[in-house]
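**Q** First residue of the sequence shown: 0, per numbering that gives the first Met the number 0; consecutive thereafter.
Ideal placement from N, C-alpha and C gives every residue a C-beta, glycine not left out.
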Amino acid sequence: MTKRNTIIAILAAATALAGGVATMAPAQNAQISQAIAAGIVGETASGYLGFAQTPSAELRAQVDALNLSRRSAYANLAQQRGVTRQQVAAETFCAQIPRIDPGEAYQLSDGVWRVRGAAPIPTPANC
């Protein structure tokens, strides 16, 4: 199985396990979606949402809850595949990269927050 097919399989399984939690848009509420569009919240190389800017307490709680759901989905999938939760999370981030829209924030493994411009995000070496 190619790496791309593996990532697609991971996303499909994680989505099934978590009711859509592993994908960005379908599982999140309007406030998280708005915060992503505004560059306040973004995807991180760790496979979870993070904060590019200081969030409100309510937004932080919502993102934390979504990240807990992702963590559970990653753990279930990792156990099924015989890999670590961190591997599943990192592979999920790699699959999310093409879905990050211009103006949205993201964080690579170097810890630096970036905002996507018009050009596609360069694929990190670990992807």
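Within the same chain, show all residues whose beta-carbon is closer than 6 angstroms to that of I35, passing over the 5 residues directly before and after it, in chain order.
**A** Position 36 of the sequence shown, counting from 1, holds the residue named residue 35. Around I35: E103.
**Q** On the DSSP bridge assignment, give the partners of R98 in chain order.
**A** By 1-based counting over the sequence shown, the position of residue 98 is 99. Beta-bridge pairing links R98 to no other residue.
**Q** Please say whether I39 and A56 have beta carbons closer to each other than 9 angstroms?
**A** For the purposes of this step, residue 56 is identified with residue 57 of the sequence shown, where counting begins at 1. For the purposes of this step, residue 39 is identified with residue 40 of the sequence shown, where counting begins at 1. Result no, Cβ atoms of A56 and I39 do not sit closer than 9 angstroms.
**Q** Alpha carbon to alpha carbon, what distance is there between S68 and Q95?
**A** As a working note, residue 95 is residue 96 in the sequence shown. As a working note, residue 68 is residue 69 in the sequence shown. Roughly 17 angstroms separates the two Cα atoms.
**Q** Going by Cα to Cα distance, which pick from N28, R70 and T43 is closest to R98?
**A** Your numbering for residue 98 matches position 99 in the sequence shown. Nearest of N28, R70 and T43 to R98, Cα basis: T43.
**Q** How many Å lie between S32 and V62 at the Cα?
**A** Along the sequence shown, one-based indexing puts residue 32 at 33. Along the sequence shown, one-based indexing puts residue 62 at 63. If I take the Cα positions, the gap works out to 10 angstroms.
**Q** Tell me the rounded alpha-carbon separation between Y105 and A77.
**A** Taking the sequence shown and counting its residues from 1, one reaches residue 105 at position 106. Taking the sequence shown and counting its residues from 1, one reaches residue 77 at position 78. Looking at the two C-alpha atoms, the distance is approximately 24 angstroms.
**Q** Closest by CA to S45, which one among A124, V87, I120 and G81?
**A** Stepping through the sequence shown from its first residue, residue 45 is reached at position 46. When each option's Cα is compared against that of S45, the closest is V87.
**Q** Tell me the start and end of each unbroken beta strand (DSSP E) in the stretch 32-99 that is at least 3 residues and wholly inside, in chain order.
**A** Runs of the beta strand (DSSP E) inside the stretch 32-99: 40-43 and 48-50.
**Q** Do D100 and R115 count as a contact pair if the criterion is CB distance below 9 angstroms?
**A** Position 116 of the sequence shown, counting from 1, holds the residue named residue 115. Position 101 of the sequence shown, counting from 1, holds the residue named residue 100. Yes; because the gap between Cβ atoms is below 9 angstroms, this pair is in contact.
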